[in-house]
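Participant: Would you mind keeping the following structure in view while I ask a few things?
2 protein chains.
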Amino acid sequence: MARTNNPVIRLSNVKLWRGNHMQTTNTDTKLPADKRPKLKRSIIDCDIHQSTGIDILKPYLPRAYQELVKLYGLALPSGMHFNGGLGGRMVDAFPEEGGSAGSDLDLMRKQHLDRYNIEYGILTGEGYAVHTTINYDYAAALCSAINDCTIDHWLSRDSRLRGSVFIPKQEPNLSAKEIDRVGGRSDMVQVIVSNGATLPYGNRYYDPIYAACVRHNLPFTIHVGLEGEGINSPPTGAGYVTHYIETRCARPAVMAAHLASFIFEGVFERFPTLKVVLQESGVLWLAPYLWKLDQEWKGLRVQTPWVRKKPSEYFREHVRVTTQPIEETPSREIFDHLLESIYAKETLMFCSDYPHWDYDSPSQALPKLANELWDNIYYQNAAKLYGLPPRRKEGL
Amino acid sequence: MARTNNPVIRLSNVKLWRGNHMQTTNTDTKLPADKRPKLKRSIIDCDIHQSTGIDILKPYLPRAYQELVKLYGLALPSGMHFNGGLGGRMVDAFPEEGGSAGSDLDLMRKQHLDRYNIEYGILTGEGYAVHTTINYDYAAALCSAINDCTIDHWLSRDSRLRGSVFIPKQEPNLSAKEIDRVGGRSDMVQVIVSNGATLPYGNRYYDPIYAACVRHNLPFTIHVGLEGEGINSPPTGAGYVTHYIETRCARPAVMAAHLASFIFEGVFERFPTLKVVLQESGVLWLAPYLWKLDQEWKGLRVQTPWVRKKPSEYFREHVRVTTQPIEETPSREIFDHLLESIYAKETLMFCSDYPHWDYDSPSQALPKLANELWDNIYYQNAAKLYGLPPRRKEGL
């Protein structure tokens, strides 16, 4: 393939695909993907990026936007940095007959769904750039098109798949309208937005979104990406950064700001059934962060008297976290300590990020875990959150 | 005092002053300050905020700015949030005869320097709002006035004290000029800036500052504060936050962005003798952050080939961290694990933040430590960094 002719990109990609992540597992990360062990029990994967080409998407847009897109392109600011892998994807996830990684359901089944015994896969799409434009109505039209495409081209074709409702979060009332339009479907299991934002998500400006989430019993999922792009705030509290690795390493901090915002703005008091998912922003950093939130709350709670409980209690009750990309620790002991500190038994959910370059294979993502913890992380926590039925066949 | 008539403020403050911080020590945090144990060996405190009133500062400004300040006030944007304590200070650190906390050397000696056997105290001042104005020349004039005041009114009066060079970091060439003006003095031991910034400090825009630091063998110290104020970038990658506790909990993340910037922009390759101090931004969060930096660097180093070593190696060699406010951990075991992960034996330096409301008393700041580790944190690491002479009297 022409795209692998660049030795720098190929080199980087191969190295990563051959197991950069979670070396604490010390298992078969050196094995090629098709030689890796299958899982004995089926699992739920909370983050699979299906790709729906623009040619498929376009007919779902209102005619006026179809014309504008033809004349001017998508007009969605993004792509400020290089990424990893090949365009951010694994080289071997591109279909041989062409198209982007994640665009072919058969290949997705072969490489991921079937191979790793995925009972349910939550689709998280690719349309996050809709969150970077100030053109509210256009963003809303794009989100509707994305959601309709997900339903028609993915959810209807494999009963294992579930969808995420994209919303024009720049305009909370239009967002609520879109949630009401498609959020009542049983195959749409969450509302999803990018981590990049103009205002932290606890700001009451977003309340109509949470009212709609609660109305349809849908978790609100924040997926990393688009930090500092378009209308979003610069990606760090120190301003714009130069390299992709800097913005990537700053993503947990953006998520941290959203989490603090939810807690200290009292969102969980106003919406007591709301659940929030922090996706792809790492895991273990949450331990010292929760310690700090609790510690500072003790001293400053007089300024936010509506925050009635310790921040870590809100976290435990309302927040769920996905695994990929989890931090590698210097020892197993410290890994276990930190998992405990974030209540992983209740809060952590496996995800792979297929087919992105930093994909965590289900058999490699985490070190060996005790039975119950494994089952909670790989199945039960997600099943409970998303209201998914129990396993069809019980293995092990 | 009139200022303690507000029960809300008084309540909050008393609670905190009576030992909110570092309850993992389980020692005498409930004791009033004058009943707390003295330390057997003398120590170095890396963060003491002396206060120099505007009336003392004004005569040090050029005549034109004196006139402007008389007509318009200081014109320094800051103060977007409430703070803790009383105006951010401990109630009992205000001199009885009036003036701000930290403005009276005798009281500082009585409450802190003498009581806690401080061998050297690094003064870190209060002038950080100079970093929030776009008026470069005015910022430069203010910094010169602040530095001259520090020399005349503090360093000349107590041989234990050392000063920090304030610089108009908005304009690196003017900054270098100020470093050259006063940075050669033996009693000026570091260059200091606020954590709040328009661009992360690794950006090559700042290079003239680091050239000057290296010229005078001065560490570059980043002290929390002024995030999101004036010309500085919003305080989080998610935008402006609502409450003080949110911006406070986001400060480590701003510091993290600066740290990544130093490493991935190659500052430590261009200035191999440069040392950087991260001040008042917490400690233990650095452990998972360094794991992440190392992990991502493995996969993405092809994009920043000038970064020759693991990020954690640059950290260990070039970066020092001060203790206050350190995170409280659920167990001593995890505390020790994380200290090890950040190479605390070489990198951690005690500081009190006197007389701010979240002051850590030297006898309370940390749990009991092994002898060598204690001595490194409370003395040797700072003595080495700042080139300070050994203890005058050896105790213990």
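Chains as they are written, first to last, in full-length UniProt numbering: chain G, 1 to 396; chain S, 1 to 396. Idealized CB from N, CA, C, for every residue including glycine.
Indicate whether at least one CB of chain S lies closer than 8 Å to the CB of N217 (chain G).
Facilitator: By this cut-off, N217 (chain G) is not an interface position.
Participant: If you follow the alpha helix (DSSP H) that F94 (chain G) is part of, which residue opens it and which one closes it?
Facilitator: That residue, F94 (chain G), is in no alpha helix (DSSP H); it is neither H nor E in DSSP.
Participant: Give me the subset of the stretch 357-378 of chain G whose CB atoms are less than 9 Å from a CB atom of chain S, sorted by chain position.
Facilitator: Within the stretch 357-378 of chain G, the residues whose Cβ lies closer than 9 Å to some Cβ of chain S are W357, D358, listed in chain order.
Participant: With three or more C-beta pairs closer than 8 Å as the rule, is the stretch 178-191 of chain S touching the stretch 236-243 of chain S?
Facilitator: No: the two stretches stay apart, fewer than three of their Cβ pairs being nearer than 8 Å.
Participant: Would you list, in sequence order, the uninterrupted alpha helix (DSSP H) runs of no fewer than 4 residues that lie entirely inside the stretch 257-302 of chain G?
Facilitator: List check, alpha helix (DSSP H) in window: 267-270, 286-300.
Participant: Between K345 (chain G) and L366 (chain G), what straight-line distance do the alpha-carbon atoms span, to the nearest angstrom?
Facilitator: So the alpha carbons of these two residues sit roughly 14 Å apart.
Participant: Can you look up H223 (chain S) in the DSSP assignment and give me helix, strand or coil?
Facilitator: H223 (chain S): strand per DSSP, three-state reduction.
Participant: Starting from the N-terminal side, write out each stretch of the beta strand (DSSP E) that is 3 residues or longer and does not extend beyond the stretch 342-381 of chain G.
Facilitator: Qualifying beta strand (DSSP E) stretches: none in this window.
Participant: How many Å lie between A140 (chain S) and H49 (chain S) at the Cα?
Facilitator: Taking the straight line from one Cα to the other gives about 20 Å.
Participant: Identify the contact partners of G282 (chain G) in chain S, using a Cβ-Cβ distance below 8 Å as the criterion.
Facilitator: In chain order: P288, K292.
Participant: Give the interface partners of E229 (chain G) over in chain S, defined as CB-CB distance under 7 Å, in chain order.
Facilitator: Chain S residues near E229 (chain G): none, gap ~11 Å exceeds 7 Å.
Participant: I'd like the list of long-range same chain contacts for P252 (chain G), defined as Cβ closer than 7 Å, with 5 residues on each side in sequence excluded.
Facilitator: Cβ within range, chain order: S281, G282, W285.
Participant: Report all residues from its chain with a CB closer than 7 Å to the CB of E265 (chain G); omit the five preceding and five following residues, and keep chain order.
Facilitator: Contacts found: G202, N203, R204.
Participant: Check this for me: beta carbons of Q279 (chain G) and T322 (chain G), under 8 Å apart or not?
Facilitator: Taking 8 Å as the Cβ cut-off, Q279 (chain G) and T322 (chain G) qualify as a contacting pair.
Participant: In chain G, which residues lie less than 7 Å from R248 (chain S) when you measure between Cβ atoms?
Facilitator: Under the 7 Å cutoff, chain G gives E296.
Participant: Among the residues of its own chain, which have a CB less than 8 Å from the CB of D187 (chain S), if the five just before and after it don't count?
Facilitator: Taken in chain order, the residues that qualify are I151, L155, L161, R162, G163.
Participant: Within 8 Å of any Cβ in chain G, is that where the Cβ of L339 (chain S) sits?
Facilitator: No, its Cβ sits nowhere closer than 8 Å to a Cβ of chain G.
Participant: Please list, in chain order, all residues of the same chain as Y120 (chain S) whose beta carbon is under 7 Å from its beta carbon, the five residues on each side excluded.
Facilitator: Around Y120 (chain S): I44, R160, R162, L388.
Participant: Just list the residues that DSSP pairs G163 (chain G) with in beta bridges.
Facilitator: Answer is G:M188.
Participant: Roughly how far, in whole angstroms, is the beta-carbon of V191 (chain G) from the beta-carbon of F220 (chain G), given that I think they are within contact range, below 8 Å?
Facilitator: About 5 Å separates the two Cβ atoms, so the contact holds.
Participant: Please confirm if the stretch 304-320 of chain S is in contact with the stretch 370-378 of chain G, defined as three or more CB-CB distances below 8 Å between the two stretches.
Facilitator: The answer is no - the stretch 370-378 of chain G does not touch the stretch 304-320 of chain S, with fewer than three Cβ pairs under 8 Å.
Participant: Where does L385 (chain G) land, buried or exposed, given buried means 16+ other C-beta within 10 angstroms?
Facilitator: Its Cβ being crowded by 16 or more others within 10 Å, L385 (chain G) is buried.
Participant: Along chain G, which residues have their Cβ under 7 Å away from the Cβ of T329 (chain S)?
Facilitator: W291, listed in chain order.
Participant: With a CB to CB cut of under 7 Å and the five nearest residues on each side skipped, what residues in its chain are close to residue 397 (chain G)?
Facilitator: Only positions 1 to 396 of chain G appear in this structure, which leaves residue 397 (chain G) out of reach.
Participant: For a quick check, are the C-beta atoms of R320 (chain S) and N232 (chain S) less than 8 Å apart?
Facilitator: No, Cβ-Cβ distance for R320 (chain S) and N232 (chain S) is not below 8 Å.
Participant: Within 10 angstroms of the Cβ of N147 (chain S), are there 16 or more other Cβ atoms? Answer buried if so, exposed if not.
Facilitator: The residue in question, N147 (chain S), is buried, as its Cβ has 16 or more Cβ neighbours within 10 Å.
Participant: Could you tell me which of G:L300, G:A260, G:S331 sits nearest to W291 (chain S), measuring between CA atoms?
Facilitator: Selected option, being the one with the closest Cα: G:S331.
Participant: Inspect the beta-carbon positions of F82 (chain S) and Y244 (chain S) and report whether they are closer than 8 Å.
Facilitator: Yes, the pair counts as a contact, with Cβ atoms nearer than the cut-off.
Participant: When you compare only the Cα positions, how much space is there between L105 (chain S) and G87 (chain S)?
Facilitator: One C-alpha to the other measures close to 19 Å.
Participant: Hey, how far is the Cα of L107 (chain G) from the Cα of E97 (chain G)?
Facilitator: Going by the C-alpha atoms only, they are around 11 Å apart.
Participant: Let me make sure I understand the geometry here. Which of S:L293, S:H216, S:C249 has the alpha-carbon closest to that of F271 (chain S)?
Facilitator: Out of S:L293, S:H216, S:C249, S:H216 has the C-alpha closest to the C-alpha of F271 (chain S).
Participant: Quick one: what's got a C-beta closer than 8 Å to R391 (chain S)'s C-beta in the same chain, skipping five residues either side?
Facilitator: Cβ neighbours of R391 (chain S) beyond the five flanking positions: R41, S42, E119, Y379.
Participant: With C-beta atoms as the reference, is Y116 (chain S) less than 8 Å away from P362 (chain S)?
Facilitator: Contact: yes.
Participant: Taking Y359 (chain G) as the reference, which of G:G84, G:W297, G:L76 has the closest Cα?
Facilitator: Residue G:G84 is the option with its Cα nearest to Y359 (chain G).
Participant: Under a CB-based cut-off of 8 Å, is Y136 (chain S) close to chain G?
Facilitator: False, the Cβ-Cβ gap to chain G never drops below 8 Å.
Participant: If you draw a straight line from the alpha carbon of G125 (chain S) to that of V165 (chain S), how long is it in whole angstroms?
Facilitator: Between G125 (chain S) and V165 (chain S), the C-alpha separation is close to 10 Å.
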